[in-house]
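Under my numbering, think of the first position of the sequence shown as 44, with each following residue one higher. See below for the structure under consideration.
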Amino acid sequence: MAAKNTAKTAPAATDELKQCECARYDAVFLDELTEENLESGDYQVFETGCTATTKRLFAPGHDAKLKSALIKWGALGLDIRRTDEAGVAVSAEAAKHASRYKFAGMVEAGIKRAEERRVAKAAKAEERAAKQAAKTAPKVVTAKVGRWTREGTVTDGVFTYTDAKGATKTATKFALI
Numbered sequence: 044m045a046a047k048n049t050a051k052t053a054p055a056a057t058d059e060l061k062q063c064e065c066a067r068y069d070a071v072f073l074d075e076l077t078e079e080n081l082e083s084g085d086y087q088v089f090e091t092g093c094t095a096t097t098k099r100l101f102a103p104g105h106d107a108k109l110k111s112a113l114i115k116w117g118a119l120g121l122d123i124r125r126t127d128e129a130g131v132a133v134s135a136e137a138a139k140h141a142s143r144y145k146f147a148g149m150v151e152a153g154i155k156r157a158e159e160r161r162v163a164k165a166a167k168a169e170e171r172a173a174k175q176a177a178k179t180a181p182k183v184v185t186a187k188v189g190r191w192t193r194e195g196t197v198t199d200g201v202f203t204y205t206d207a208k209g210a211t212k213t214a215t216k217f218a219l220i
């Protein structure tokens, strides 16, 4: 039986330490990047906060750190930048940056899930607001004002109705029917 070739095909790690890959990424809100803000430096930059150095591409666990940052930034619609060794920043969407790594599919799925949750949350808030408006909206009731029966609404003990000529009137003395 022949011996199996167990040699690793991955490139050998160099002995020199280099910056962790996740430290190369940052993100900013696109609408904050006006010429005026760029000159004054008055815009918010989101970073991974990584200061690690490693012989490999990522420090231990920092691939997950970058993955979660790309998902979060992508879901927020931020402009994501990767700065290369020469100091040149390349801007792209989270999925485009993630395509360099094995976790690209997870980043795309995470952004999609975050968008679905955001839409569901907005729909639920809209539904709650509609229910609240229905609770606080005055209900149409029938009341007797003098000798006439009218339809209108009661708010804070005041009956508001439309008379036979189409004018809106209020009455404090009325009897609900």
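Just so it is clear, CB atoms sit at the ideal spot from N, CA and C, and this is done for glycine as well.
Problem set entry | Bridge partner(s) assigned by DSSP for GLN62 | Beta-bridge partners of GLN62 (DSSP): THR96.
Problem set entry | Rounded separation between THR97 and GLY104 - CA only | Those two C-alpha atoms are separated by around 12 Å.
Exercise. Do three or more CB pairs link the segment 80-94 to the segment 132-149 at distances below 8 Å?
Worked result: Output reads no: the segment 132-149 does not touch the segment 80-94.
For this session: Between the Cα of ALA118 and those of VAL150, PHE146, GLU90, spot the shortest distance and give me the residue it belongs to.
Result: Selection VAL150, PHE146, GLU90 evaluated against ALA118 yields VAL150 as nearest (Cα-Cα).
For this session: Measuring alpha carbon to alpha carbon, tell me which of VAL131, CYS63, LEU73 ends up nearest TRP116.
Result: Minimum Cα distance to TRP116 is reached at LEU73.
Exercise. Any idea what DSSP makes of LYS158, helix, strand or coil?
Worked result: The sequence as given places Glu at residue 158; Lys does not occur at that position. In this structure, GLU158 counts as helix in the three-state DSSP scheme.
For this session: Provide the residue span of the beta strand (DSSP E) that contains ILE123, from first to last.
Result: 122-126 is the span of the beta strand (DSSP E), which, as asked, contains ILE123.
For this session: Have a look at ALA50 and GLY120 and give me their C-alpha separation to the nearest angstrom.
Result: Residue placement at ALA50 cannot be trusted, given a pLDDT of 42 that sits under 50; what the coordinates show is reported in the next sentence. Each residue's alpha carbon lies about 43 Å from the other.
Problem set entry | Distance between ALA163 and VAL179 (C-alpha atoms, nearest Å) | The identity of residue 179 in the sequence shown is Thr, whereas the question assumes Val. Rounded to whole angstroms, THR179 and ALA163 show a C-alpha spacing of 24 Å.
For this session: Spell out the partners DSSP gives ALA218 in its beta bridges.
Result: DSSP lists LYS187 as partners of ALA218.
Exercise. Just curious, the beta strand (DSSP E) that ASP69 is in, first and last residue?
Worked result: Counted as a single uninterrupted DSSP element, the beta strand (DSSP E) harbouring ASP69 occupies residues 68-71.
Exercise. Where does GLU90 sit, in a helix, a strand or coil, going by DSSP?
Worked result: DSSP places GLU90 in strand when its eight states are reduced to three.
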